[in-house]
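Enquirer:
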């Protein structure tokens, strides 16, 4: 779908300094000409995209461009990113990866060290996950130290 590709191109540009038309075409599995048309559409929509031609050239967003972050705060974004990234590691999905990229675009770099990482194992007891996850999230928010001990399975 074209609209989805346009949004994904925008997210891709937000997460990278500069990217060539060839790299975009390869990433999105379309022609270089399609990427050029998509960039034109984004520019017409008011997205400030700067292009450089020649060796080392490519597309990049103007430095002043910012996305509206009002629908998620940093904590919510981190929580969603952590959850989705963990699911993506166990069951890879292009849709999940795209969503993770969008979340990273909203809150890049400044919150990287704040993430709560949970490695889900296939044998993890799903019934207790909700309770444990809420406790871990609360502990993280309150900057508490959490100790987890592994016990032998019965």
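In my numbering, the protein residues as written are 1 to 154.
No residue lacks a Cβ here, since even glycine has one placed at the ideal position from N, Cα and C.
1) Once the 5 residues before and after residue 6 are set aside, which same chain residues still bring their CB inside 7 angstroms of it?
2) So, is the C-beta of residue 57 closer than 8 angstroms to a C-beta in chain D?
3) Near residue 102, what residues of its chain come up, given a Cβ to Cβ distance below 7 angstroms and the 5 sequence neighbours on each side ignored?
4) Three-state secondary structure (DSSP) at residue 4?
5) In three-state DSSP terms, what is residue 17?
6) So which of 57, 92, 144 has the shortest CA-CA distance to residue 18?
7) Mind checking residue 78: buried by the 16 CB within 10 Å criterion, or exposed?
8) Whole angstroms is fine: what's the gap from residue 85's alpha carbon to residue 138's?
9) Once you ignore the five residues that flank residue 9 on each side, which residues in its own chain have a CB closer than 6 angstroms to its CB?
10) For residue 50, count the other beta carbons within 10 Å of its own beta carbon; 16 or more makes it buried, fewer makes it exposed. Which is it?
11) Mind checking whether residue 24 and residue 60 have CB atoms under 8 angstroms apart?
12) Taking the beta strand (DSSP E) that residue 61 falls in, what are its first and last residues?
13) Do residue 45 and residue 35 count as a contact pair if the criterion is CB distance below 8 angstroms?
14) Please report the straight-line C-alpha distance between residue 135 and residue 52, rounded to a whole angstrom.
Expert: Quick answer:
1) 38, 41, 42
2) In the structure shown, chain D does not exist; there is a single protein chain.
3) 11
4) helix
5) coil
6) 57
7) buried
8) 20 angstroms
9) 38
10) exposed
11) no
12) 58 to 61
13) no
14) 49 angstroms
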